[in-house]
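For the sequence shown, the positions run -3 to 153 when the working numbering is used. Cβ coordinates follow ideal geometry from the N, Cα and C atoms, glycine included.
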Amino acid sequence: MSKITDSVRETVEPIIVANGMELVDVEYKKLYGQDTLIVYIDKDGGVDLNDCETIHNAIDSALDDLDPTEGAPYNLNVSSPGIDRPLKIARDFEKKTGLEMEVSLYKPLAELGKLKKFNAILVGYDESLSQVELEYKTKKLKLNIKDIALIREAIHF
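Spelled out as structure tokens, the structure:
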């Protein structure tokens, strides 16, 4: 995490929680040539445009006071994480337990025939060990979160 995203997360999370939602992630990146601060929110049942507007208005003045970019201009976007969002926080893993996941690793696993990308069922998540438990075909796997480049719900059309 960067200094900007860390300070923004610390500032906006209590405001988002007070509005009955959860902070999923904060990103600071170039988007269409503009520095952009993106705050991803969620709640049970999902968020809509009104929720995004409510949170945008609620955090705007707090971010002005914080001045996370030290005076540099930026765009503020408040967004739903989307259906294809990666799992990042403990609640994400809890909500998706039992579902099929798309998994990409930083390096291949020998026990999977050197696979680097595969689909598996999310069996569990241990936050204290930062491990995810998956079932790939008939094999149970315990992987460290730091070894997973991407994990998200598999979407079939």
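Residue pairing by DSSP places R148 opposite P82, E98 in a beta bridge. In the pairwise beta carbon analysis, the segment 56 to 76 is classified as touching the segment 22 to 35: at least three pairs are separated by under 8 Å. Distance from the Cα of S75 is smallest, within the candidate group D44, I141, K(-1), for D44. Around the beta-carbon of P77, 16 or more other beta-carbon atoms lie within 10 Å, marking it buried.
Straight through space, the alpha carbons of F114 and E123 are spaced by roughly 22 Å. In the DSSP assignment, L137 falls outside any alpha helix (DSSP H) and lies within the beta strand (DSSP E) extending over 135 to 140. Ranked by how close their Cα comes to the Cα of I79, the residues L137, E9, I37, I11 have I37 in first place. Apart from the 5 residues on each side of it in sequence, V22 sits with its Cβ closer than 6 Å to the Cβ of T1, V4, R5, V35 in its chain, given in chain order. In this structure D88 is buried. Its beta-carbon is surrounded by 16 or more other beta-carbon atoms within 10 angstroms. In this structure, the CA atom of S(-2) is about 9 Å from the CA atom of Y24. The C-beta separation of L130 from V99 comes to about 7 Å, placing the pair in contact by the 8 Å criterion. In this structure, the straight-line span from the alpha carbon of S57 to that of I11 is close to 11 Å. For the set V128, K39, L105, the Cα lying nearest the Cα of G94 is the one of V128.
Ranked by Cα distance from K135, the first of I141, A116, E149 is A116.
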